[in-house]
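Protein chains in written order, with my numbering: chain A, 11 to 307; chain B, 143 to 451; chain C, 98 to 506.
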């Protein structure tokens, strides 16, 4: 080991650099390389196979003239904001409850986490059944005597996205809860003791001390949730197929359908370039804040 | 933000003064406990409802499913769908159900999970504790990569693998899983290691420990909960992966999800909902088992937290 | 590493079978019970030639199978044969020289003389060369009517579309959904093209889909079709299912009066133990214009370096169109054979109607053969919206349709 004498300067960096080679290669070759490739081909009229027949901005003009794309963006915005806020809140609340040294913690945690293990193809189907007015929840409530009860989120274009949200939260909050729990477990017991000695109530300790200390975990969770939201596809396909009409279409589905159903790679690449651009616009300022200036260690 | 707005907190506070040395408060049958367990049980019921529907459906025959309510318990319990899903459902010519791909899935899962977690945890550690110039740029690119829809990358990666001579092989698939797991996992580890007290790290440096020794003897043992989370993420993701498994390998290596897809996703013909549900539950069994077993490590995470102080 | 793995596998498999025969991996998306049984017929016929069929079934056509096929082909590790909807979807792969030319086989087997209708072979032909082997015919233009639903409503089962539309209020009064229609976009767009053939006729259909004539698409004939589509929209508004077979099930159980769906719906009635003419009625061309489209499945054969495998690909293609294989395969599949010179004893009532129409030559090419997948999905999007949103007016929808036709390729 090169650590007999205290490593300093270039040596300290050397080991870390060697260890980080896989990351650097992945970042540069796969993510940067493939993104550039995608952007380049978004200016072509590639159909089934990538080909360099340049068409300038045609694909983008068609993209922004497409009703389906505009609906998709709007849906993603509604779904995204709600899913983000709700899964963070519910996930944290559940983690806090589980962190109370309760009995059967393992059982509760497994129950909350199990949806995460099941394939979307079928969970979409199950929720489609449960939310189906003919034989799902609406039917049950009506059978209990509430004849006029109406609950058909998947068949009403105005609220279909909330029907998807119900299933999405069911599937995803377990993982958020787990991440939060891991974060809470990383908080020192002494901090709780100190807070109690000072007479700070529990909820205030969470808000003022614990949550700020968990900032890194929150960022991780935020990235995991948002990247999942942006890639939202399987659930929509399984639950609504984008319907009724175009009412639950999302951008990732637009990209895939264009690439593989319409056999219009160029259009799919143009749509994914727009998605990429949106992500970059959000991430770069965050990265600047996160890394700019302050130096750790 | 006044205390009086939260009677719950108040009560806590007064109770605590009775036993100031204990960990966090723990009372049996107090109002607080009723609230905690009540909430958890209510939420658990909501989470279990779809599972109930799936289990019940998987135990019914097709005529009963066509006619009955999805919530009704089965009249004639049959395990036929489970048997069929595991060993009888057809994938084209091969009528041996999910069992066909099970070992393939294990062969893909184990190396992919271990390799991706090993690489990403070292990445995260290097980023958190041994920062070097330019690291942030690579890391930012990596994070942006987490947001790119997988399907967009399919064709360029085919070309990459072909040039590396790995296309169609198991190692190619393991590599793909490692690459796509890297952004989230690296972020996970980096952020967790960042919150480990710097003093520990500094003390180890003073003792003359190097990059690998600090990683193995200090960081690893302290980070069990986050390794559990990473494992949950990877096991679930890789086990349920269909797209990469089917695109980057050959039929003899196809994972179990290919059979699941073929059972569930048939374009034409009658949908056998009971077999679909049984197949889904069977496929989900491995990640579920991992979740349950890993629970022990979570509990040990509490002990680790206690040691830290 | 890669080559050793491959070598190991190859030796392992060859050890299990005869040494001289070629192994061909065949990708297809027929995975349900009846479909798998049909594939087994193809496989056993091929195995009987001394070669070996290695099955690579992947359920789900478009978004699932297509990236796999294209990746395998461009990754330099192609399957030996793959199912594709024949039509214009594989055009580009052929143009790129990635598909094996089957002209020699077609000539030796006399496909030009036996394949009926010949448009099936035309769809496989690019620049005078044949690149695919059609294996079956499916047609879209069918109306399936539930006898139980009409009995419950106390009215006779209609014999054509107009009577059916008139019967809708009575069905509704009896608590039935007049027309069952799943919400997936291909079902909406399919129903519209069926209405077009039935109401506006063959010429108009061809002017719109084959010639991409936007003026016709904006004209009075198509306006009548949109009027009928509007009727269908009103009749189907209470269908709350997604999948086509769930909608078919509503017809089977008598909850719905009828459904516009292709002949594959036949299988659902059969499995439910229903008898054509007694429990349900099938009306080709909606009982108005007895014309059916001829779409279906076809196999393409990617170019392979290995001489022996290339040879075997030809054998496979020839085997698929042999009379015996055609009969055995199509009976299990529930579709019509691509050649008219084969025995049709086992065909049921509805299939016979289809065969008669085929024999009379009242056929049109399927929309998949006439417009690109891109145009097709734009049309699907439009009708998915139209059928699910009653606020879209007929005029508005027609002008959007004409725009798509004008830009069609």
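Glycine included, C-beta positions come from ideal geometry on N, C-alpha and C.
Problem - Where residue 196 of chain B falls, given that 16 or more other Cβ within 10 Å makes a residue buried - result: So residue 196 of chain B counts as buried.
Problem - Rounded separation between residue 162 of chain C and residue 195 of chain A - CA only - result: Looking at the two C-alpha atoms, the distance is approximately 44 Å.
Handout entry: Of the residues A:158, A:192, A:53 and A:166, the one placed nearest residue 141 of chain A, counting alpha carbons only
Key = It is A:166.
Handout entry: Interface flag, residue 424 of chain C vs chain B, CB-CB below 8 Å
Key = For residue 424 of chain C, not one C-beta of chain B is nearer than 8 Å to its own C-beta.
Handout entry: Bridge partner(s) assigned by DSSP for residue 212 of chain A
Key = Residue pairing for residue 212 of chain A: DSSP places it in no beta bridge.
Practice task
Sort C:153, C:484, C:475 and C:219 by Cα distance to residue 499 of chain C and report the nearest one.
Solution key: That would be C:475, whose Cα lies nearest to the Cα of residue 499 of chain C.
Practice task
Compare the C-alpha of residue 315 of chain C against each of C:503, C:196, C:160 and C:120 and name the closest.
Solution key: Selection C:503, C:196, C:160 and C:120 evaluated against residue 315 of chain C yields C:503 as nearest (Cα-Cα).
Practice task
Would you kindly check if the distance between the Cβ of residue 299 of chain B and the Cβ of residue 45 of chain A is under 8 Å?
Solution key: No, these two residues do not count as a Cβ contact at 8 Å.
Practice task
Taking residue 165 of chain A as the query, report the chain C residues whose CB atoms sit under 7 Å from its CB, ordered along the chain.
Solution key: Within 7 Å Cβ-Cβ: 337.
Problem - Per DSSP, the bridge partner or partners of residue 277 of chain C - result: DSSP output for residue 277 of chain C lists C:356 as bridge partner(s).
Problem - Beta carbon of residue 139 of chain C nearer than 8 Å to that of residue 358 of chain C - result: The answer is no: Cβ separation not under 8 Å.
Problem - Element boundaries [beta strand (DSSP E), containing residue 120 of chain C] - result: Where residue 120 of chain C is concerned, the enclosing beta strand (DSSP E) stretches over 120-125.
Problem - When C:152, C:434, C:156 and C:187 are compared against residue 167 of chain C, the one with the closest alpha-carbon - result: For residue 167 of chain C, the nearest C-alpha among the options comes from C:187.
Handout entry: Contacts that residue 481 of chain C makes with chain A (C-beta to C-beta distance below 7 Å)
Key = Under the 7 Å cutoff, chain A gives 253, 255 and 256.
Exercise for the section: Would you mind reading off the limits of the alpha helix (DSSP H) that contains residue 265 of chain B? Expected result: Taken as a continuous stretch (DSSP letters only), the alpha helix (DSSP H) holding residue 265 of chain B covers 241-271.
Practice task
Could you tell me whether the Cβ atoms of residue 235 of chain C and residue 341 of chain C are closer together than 8 Å?
Solution key: For residue 235 of chain C and residue 341 of chain C, no; Cβs fall outside 8 Å.
Problem - For residue 286 of chain A, the first and last residue of its enclosing alpha helix (DSSP H) - result: If you look at residue 286 of chain A, you'll find it in the alpha helix (DSSP H) that goes 275-301.
Problem - DSSP three-state assignment for residue 95 of chain A, whether helix, strand or coil - result: In the structure shown, residue 95 of chain A sits in a helix (DSSP, three-state: H, G or I).
Practice task
Counting only runs of 3+ residues fully inside the stretch 211-257 of chain C, write out the beta strand (DSSP E) ranges in chain order.
Solution key: DSSP assignment within the stretch 211-257 of chain C yields the following whole beta strand (DSSP E) runs of 3 residues or more, N-terminal first: 229-231 and 239-243.
Practice task
Could you tell me the boundaries of the beta strand (DSSP E) in which residue 150 of chain C lies?
Solution key: It spans 149-154 - the beta strand (DSSP E) in which residue 150 of chain C sits, taken as one unbroken run.
Problem - Contacts that residue 162 of chain A makes with chain C (C-beta to C-beta distance below 9 Å) - result: Within 9 Å Cβ-Cβ: 337.
Handout entry: Proximity test, Cβ basis, 8 Å: residue 265 of chain A and chain F
Key = Checking the listed chains, one finds no chain F in this structure; the protein chains it contains are A, B and C.
Problem - Spatially closest choice to residue 307 of chain B from C:233, C:245 and C:173, by CA coordinates - result: Answer by Cα proximity: C:173.
Problem - First and last residue of the uninterrupted beta strand (DSSP E) at residue 378 of chain C - result: DSSP places residue 378 of chain C inside the beta strand (DSSP E), whose first and last residues are 377-381.
Handout entry: Contacting positions in the stretch 232-247 of chain A - beta carbon closer than 9 Å to chain B
Key = The stretch 232-247 of chain A vs chain B, Cβ under 9 Å: 233, 234, 236, 237, 240, 241 and 243.
Exercise for the section: Pick out whichever of A:40, A:244 and A:47 has its Cα sitting closest to the Cα of residue 283 of chain A. Expected result: Taking only the C-alpha atoms, the option nearest residue 283 of chain A is A:47.
Problem - Cα-Cα separation between residue 269 of chain A and residue 293 of chain C, rounded to whole angstroms - result: Distance between the alpha carbons of residue 269 of chain A and residue 293 of chain C is about 29 Å.
Practice task
Report the rounded CA-to-CA distance for residue 255 of chain B versus residue 285 of chain A, giving the unit in angstroms.
Solution key: Their backbone Cα atoms lie some 29 Å apart in a straight line.
Exercise for the section: Could you name the residues of the same chain whose beta carbon sits closer than 6 Å to that of residue 241 of chain A, not counting the 5 residues immediately before and after it, in chain order? Expected result: For residue 241 of chain A, where only same-chain residues beyond five positions count, the Cβ hits under 6 Å are 262.
Practice task
Kindly identify the DSSP beta-bridge partner or partners of residue 176 of chain B.
Solution key: Per DSSP, none; premise fails for residue 176 of chain B.
Handout entry: Spatial neighbours of residue 352 of chain C in its chain, beta-carbon cut-off 6 Å, leaving aside the 5 residues before and after
Key = Taking C-beta separations shorter than 6 Å and ignoring five residues to either side along the sequence, residue 352 of chain C has no partners in its chain.
Problem - residue 260 of chain B, buried or exposed, once every other Cβ within 10 Å from all chains shown has been counted against 16 - result: It is exposed - the Cβ of residue 260 of chain B has fewer than 16 other Cβ atoms within 10 Å.
Problem - Residues near residue 472 of chain C by beta carbon distance below 6 Å, same chain, minus five either side - result: Correct list, in chain order: 505.
Practice task
Determine the closest residue to residue 298 of chain A out of B:239, B:252, B:275 and B:279, with distance taken between C-alpha atoms.
Solution key: Its Cα nearest to that of residue 298 of chain A, the residue B:279 stands out among B:239, B:252, B:275 and B:279.
Problem - Sub-8 Å separation of residue 287 of chain B and residue 127 of chain C beta-carbons - result: In this structure, residue 287 of chain B keeps its C-beta atom at 8 Å or more from the C-beta atom of residue 127 of chain C.
Problem - Whole-angstrom distance between residue 409 of chain C and residue 202 of chain C, CA atom to CA atom - result: So the two alpha carbons sit approximately 11 Å from each other.
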